[in-house]
Amino acid sequence: MALKMINKCAYHQTHQGQPIRMRIGIHTGTVLAGIVGVKMPRYCMFGHNVTVANKFESGSEPLRINISPTTFVRLVQSPGFSFEERPRECLPKDFPAHIPGTCHFLTGYHHPDISPDKDLADHVEAALKDIGLCSEPS
Numbered sequence: 000m001a002l003k004m005i006n007k008c009a010y011h012q013t014h015q016g017q018p019i020r021m022r023i024g025i026h027t028g029t030v031l032a033g034i035v036g037v038k039m040p041r042y043c044m045f046g047h048n049v050t051v052a053n054k055f056e057s058g059s060e061p062l063r064i065n066i067s068p069t070t071f072v073r074l075v076q077s078p079g080f081s082f083e084e085r086p087r088e089c090l091p092k093d094f095p096a097h098i099p100g101t102c103h104f105l106t107g108y109h110h111p112d113i114s115p116d117k118d119l120a121d122h123v124e125a126a127l128k129d130i131g132l133c134s135e136p137s
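Residues 0 to 137 in numbering that gives the first Met the number 0 are what the sequence shown lists, from first letter to last.
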């Protein structure tokens, strides 16, 4: 989803006519989630890992997806993702020192069964079908 969001930024502008310069941070960990509010209910997530994900977003760059070491460990297990390693100094200041690794920019995804010249959406759709999550209704 993050890759598709960054990809779509090229097709949209702000109300002032400027290009959208979104930055994204992704971290993997446990959270507490639920519905908050009665008059205007909203879905909220709480916990240390939510704060950490926010810091990865803050430490990202425009039009880049900054991922934590824990997210990298998960994504690298699936073929097709491409990354750009960042120095350990780029980790948020209060990131737990006992967690090995460093952050990375997620730079792309190519499904092994789809031609590399196809659109990102085709690669993502094929991956969703592989895991049983179709992006379109059956």
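Ideal Cβ positions, reconstructed from N, Cα and C, are used throughout, including at glycine.
Here residue 53 has 24 as same chain residues with Cβ atoms under 8 angstroms from its own Cβ, once five neighbours each way along the sequence are excluded. Under the DSSP assignment, residue 41 falls outside any alpha helix (DSSP H), being part of the beta strand (DSSP E) whose first and last residues are 41 to 45. When Cβ pairs closer than 8 angstroms are counted between the two stretches, the segment 54 to 62 is seen not to touch the segment 37 to 44, the count staying below three. Rounded to the nearest whole angstrom, the CA to CA distance from residue 4 to residue 119 is 11 angstroms. Between residue 27 and residue 67 the beta-carbon gap is near 7 angstroms, inside 8 angstroms, which marks them as a contact. For residue 100, the CB contacts under 6 angstroms within the same chain, skipping 5 residues up- and downstream, are 68 in chain order. For residue 72, the uninterrupted alpha helix (DSSP H) segment begins and ends at 68 to 74. In this structure residue 50 is exposed. Its beta-carbon is surrounded by fewer than 16 other beta-carbon atoms within 10 angstroms. Between residue 70 and residue 48, the CB-CB gap reaches or exceeds 8 angstroms.
A direct Cα-to-Cα measurement between residue 34 and residue 73 gives close to 28 angstroms.
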